Structure formats: C-alpha cells, structure tokens
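Read through the structure below, which is laid out as structure tokens, and then see the notes.
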Amino acid sequence: MNRQAIAEQLLQALTEIAPEIDPKAITPAKLLRQQVDLDSADWLNFLVAVHERLGVDIPDADAPKLSTLDKLIDYCAQRLEADGAPAAH
Amino acid sequence: MIEFRMPSLGSDMDEGKLLKWLVQPGDPVHKGQVIAVVDTSKAAIDVECWSEGVLHALLVEPEAVIPVGTLMAVLRAPGERVEDVDALAAVAMAREVSAPVAAPPPARSAVPAPALSGLTPGARQRVSPAARRRAQELGVDVESVRGSGPDGAITLADVEACAAPPAPAVTAPPAAASRAREMRKVIAAAMARSKREIPHYYLAEDILFANAANWLAQRNAGLPVTQRLLPAALLVKAVAVALQRYPEFNGFWRDGGLNAGAGVHPGIAISLREGGLVAPALRDAAALDIAALTRALLDLVKRTRAGSLRSSELADATITITNLGEQGVASVFGVIYPPQVALVGFGRVMLRPWAVDAGGEAGAADVKALPVLTASLAADHRASDGHRGALLLAQIRDLLQDPQALDAPLHIPEPP
C-alpha cells in the first residue's frame, strides 16, 4: 500500500470517528490532535478505526509519538512493509 | 393500552421534531427498542420505547414539532385486544386534541392524524374518489396515506404529497450553524437557571494518580488497541462507586426536595467541535469493570459525534462528570445542570511535587515528582452540605489509590 492510499485510509478513519471534521483542512506536518481537537476517547476510537482499516495495531507505547498525520503515515507504512502486507489492502 | 409520548430529553427541552418512525403498526416492540428518531436542539436522538407490546397506531407524522409529553403512538400490551385498544386510543386522542400541537408547514402530509382510522387494520378509511383514482395512477398504497381531510379522510393532496419524494428536511439535519445557535440558546437557559436557582458550593482535592497511572500503563502495555483502557474510565468508576454511599449528590432537586436517582448514571460532558456540549448518561457505571466502562465511554463519544444518541441517555443522567483536563487545565469548577444536584470535575494529570513518607523517623518525608490530578465538586447546598461533599471527594481519592480493586464490577442491589 502506498503512502497516498494509507493517508486516505487514515483520513477516512478520522472522519468515521468525528464526522464533523473536514479532512481537507488538515495539515499533515502539524500536530493532529490539536488541529482537530481530539480528546483521549476520540484518539482511542481513531486508533481502533486505523486497526480496522489497515490491520495495524498501534501499541500504547508508540501512540504518543504519532503526533502528526505524516508520522502516522510513516509508521503505518513501515509496519505494513514489515508485515509483508500486499500492496493493495 | 400503552401510551408512547414525546420524552423529555433533559430539563432544557420543551419540544422536539419527529424525524421518522422506525416501526409500523403491527410490529412487535421489545423493551428498550429504538422506535423513533427525534430532532432536538442538541442532535437527532434515537428514542426508545420502555414497554413491551405490539405497535397499534402512530399518531404523529414525521416533520411535526410537538411539545414534550405529547402522545405519539399507542401500543397493545401483551394479551390486549385490537378493539379494546381502538376504544382506549380514541379516548386518549380526544384528550390530546385539547393540547396545542404545533405542526410545521406541511412539506408532506405533516398534519397529525386526527383519528385512528386507516392506521388500524380492518378499520374503514375514507378516501375521496379523486384521491383513490390518483393513488392508482401514481402507484400509491392508500392504506399507507394518512388523511388530512374531515374525519381523517384522504384527499387528493394527501396522495400527491405521499407520492412526492420526501422533503429534504426529513433526512438532512439542520445546518451546523443553526444547530449551534439553537444549542447556545438551550445552554444559556439551563445555565442561567442553574446560577439563578442553585446555591452552589465548591470543593477541591488533589489526588495522587501514581497507582492508577502505573496500573493503566501495565495493563495497556499488553493490550491490543481494541481492548485498551482509558484513564477517564477509572475516574468515572471512582465517582460512580463513591456515589453509592453519598446518594444526596446523585439525583434531582424537584418541588422543593431531593429525589434520589434510581441508580447512578453519570452524564459524561462531551464538548462538540461545532460548539456546545452534551452530557449523555453512562448507565449503571459502577456495575462495569474498567474494560467495559472504557468501551461504553468510547461508544458514547463516537455516537455523540455521529449524532445517534438514545433518548434514555439524554434523560437519565443523575450527575455530571466533566474532564477538562483534556484541554490542559489544572481544575474545573462546574455549573450544575439542573435539576441535577452535583457535578464532579477533573483537571489534567500532571507531574507535581508530592511529599511521600520517607520511612524511618516519624514525620520524615521525601518530595517526589508524581502524577497528580485535581478533582472538584460543585454541589447544590439545598441538597447537601460541605461536610458530606468533602467525604465524597475523599472517597473518590481513596478509591483511585487502589485501581485493581476499583476495576471489579460493583454488585448493585435491585432497587426495592
């Protein structure tokens, strides 16, 4: 799965847990939780949605480091590559 | 006969708009089933029915704006005969007619059905010949049309309205901006009433969160994301368990007296990005372990954002819990949501200097940097006194020192 496809899945996961968010307004390099005002319940719901969509289970210790959309994309891409996931999900 | 009425979804609601029915006459209805969707200033709400039976007749059309308490539908209780319920329903409807019912401009046939005819299987429906002909041309089933003519007769206009595509307003929620404006008004009214009527008093206590944080970190380290635990679940649990011993903070101030809540159902304040907030109830929170409580919290937040809360969740909260620590503040002193009598607030968990027993010499202490959060209580002085409030906060503090014990679901005896 390429970065573009991962980004799309992440944004869809985001709008799934917070439909009022406009995904187009998100700057990938900026702090995600601040941009869209996610509280801790939203954040955990988001991680669950990412797991459902990409099959990537983000451990509790890693989650705080994934503060921007860019970092999330990098992380998921690495994990998917390491798992030998097929190019198309 | 069972009456289904427009529920009050909080003290700040006096009317609601029926968006749609999810059941039809003849459908069996079980206790707790969502049977209608009602729009309030807060959100579109799934309204549950708390009786068991068979839906007999729908008395209000989608799009109608009706006051709280209006008869919306009648159900047959198990064993009741159709004819008997017809007769009882007619009496109930006659009583209702005297109550004002504000219907919006008829986008479809938005007039509340004045009679049960046409809704009851076997009853004769008046249909004008022109309407019947038109119904055939348009392929409309006249049985499904609700008449707006004399004695509920179906007119040509009713048939045409029924054949027309539904007005967009039926499905499209109000624009976010107008919803936010509406909600602002509702919050303004409730909060102004609270500060006008409720003699608030405020207490606060710093709570060591080290044990809780360690326990959460240890548990979460081994858990997949779908089973992970939220710190907020521990806080809610501590409040819900503590309230079992301090019932004067759990309930409502009505008619000059305290009505203790039937069960502890904390309302969780959830702020909305488009403005305003809602505080849906997390029912019987003390009876859940932290895993189940976390899932319930996640579900509540998700459904609040998606606009699919249930009526019982908006009507049932017996106290409010607000967790403004998410926004990074150290403490919060809340405004009670009337007719509730208390609000518990939590600030941010942060590392603070904390004196711990150094062992050895009596009174010797070391200062360590430990995770601490401030819990606060805003309470109604008509219903409780500061001494009891202090005991409640102390109980919450003590419960949070032993998260393992707090995890166990509390057995709550059935109310007598």
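So the sequences go chain by chain: Z and V.
Using this note's numbering, the letters of the first sequence correspond one by one to residues 1046 to 1134.
Using this note's numbering, the letters of the second sequence correspond one by one to residues 39 to 454.
Beta carbons: idealized from backbone N, C-alpha and C, even for Gly.
Quick caveat: nothing in here was measured; it's all calculated off a predicted structure.
Item	Value
Whose C-beta lies closer than 7 Å to the C-beta of L157 of chain V among residues of the same chain, with five residues either side of it excluded?	Interpretation of L157 of chain V is limited by its pLDDT of 39, a score under 50 that renders its predicted location unreliable; the figure taken from the coordinates is listed afterwards. These residues qualify, in order along the chain: P63, A95, L96 and A151.
S1085 of chain Z versus chain V: which residues are under 8 Å apart at the beta carbon?	L268, P269, A270 and E364
Anything in chain Z within Cβ reach of K340 of chain V, meaning under 7 Å, just list it in chain order.	I1062 and N1090
Please return the same chain residues whose Cβ sits closer than 8 Å to the Cβ of A251 of chain V, not counting the five positions on each side in sequence.	P269, V387 and P409
Could you list the residues in the stretch 287-316 of chain V with a C-beta less than 7 Å from some C-beta on chain Z, going in chain order?	R311 and E312
Please report the residue range of the beta strand (DSSP E) in which R43 of chain V lies.	I40 to R43
Helix, strand or coil: which one does DSSP assign to M221 of chain V?	helix
What do you get for L1076 of chain Z, buried or exposed, if any count of 16 or more other CB atoms within 10 angstroms of its CB means buried?	exposed
Taking the alpha-carbon of E101 of chain V as reference, which of V:R170, V:L296 and V:G54 has the nearest alpha-carbon?	V:G54
In angstroms, rounded to a whole number, what distance separates the CA positions of L1111 of chain Z and Q1080 of chain Z?	14 Å
Got a sec? Which residues, its chain only, sit under 8 Å from A396 of chain V by beta carbon, not counting five neighbours each side?	A402, A403 and D404
Using a Cβ cut-off of 8 Å (strictly closer), state whether I1103 of chain Z contacts chain A.	Checking the listed chains, one finds no chain A in this structure; the protein chains it contains are Z and V.
Using only CA atoms, which one of V:V112, V:P116, V:N297 and V:A173 lies nearest to A128 of chain V?	V:V112
Based on Cα-Cα distance, which residue from V:R222, V:A226, V:N361 and V:R333 lies nearest to N1090 of chain Z?	V:R333
Between which two residues does the alpha helix (DSSP H) holding A82 of chain V run?	A82 of chain V -> not in any alpha helix (DSSP H); beta strand (DSSP E) instead, spanning A82 to C87.
Would you list, in sequence order, the uninterrupted alpha helix (DSSP H) runs of no fewer than 4 residues that lie entirely inside the stretch 392-440 of chain V?	424-437
In the structure shown, what three-state DSSP assignment does G345 of chain V receive?	coil
Any idea what DSSP makes of A380 of chain V, helix, strand or coil?	strand
Any beta-carbon of chain Z closer than 8 Å to the one on T264 of chain V?	yes
I'd like to know if A1070 of chain Z contacts chain V, where contact means its C-beta is closer than 8 Å to some C-beta of that chain.	no
Under 9 Å Cβ-Cβ, which residues of chain Z neighbour R348 of chain V?	By Cβ distance, chain Z contributes nothing, its closest Cβ being about 18 Å from R348 of chain V, past 9 Å.
Tell me whether F371 of chain V sits in a helix, a strand or coil according to DSSP, three-state version.	coil
Quick check: what's the CA-CA separation for E235 of chain V versus T356 of chain V?	18 Å
Of all the CB atoms in chain Z, is at least one closer than 8 Å to the CB of T209 of chain V?	For T209 of chain V, the pLDDT reaches just 39, beneath the cut-off of 50, and the residue's location in the model is therefore unreliable, although a value from the coordinates is still provided. Not one chain Z Cβ lies under 8 Å of T209 of chain V.
Cutting at 7 Å between CB atoms, please list the residues of its own chain near A325 of chain V, excluding the five before and the five after it.	P447, L448 and I450
Going residue by residue through the stretch 280-353 of chain V, where are the continuous alpha helix (DSSP H) segments of at least 4 residues, counting only ones entirely within it?	328-344 and 349-353
For R343 of chain V, return the contacting residues in chain Z, with the cut-off set at a CB-CB distance below 8 Å.	I1062, A1063, P1064, E1065 and D1087
Please return the same chain residues whose Cβ sits closer than 6 Å to the Cβ of E243 of chain V, not counting the five positions on each side in sequence.	A413, L431 and R435
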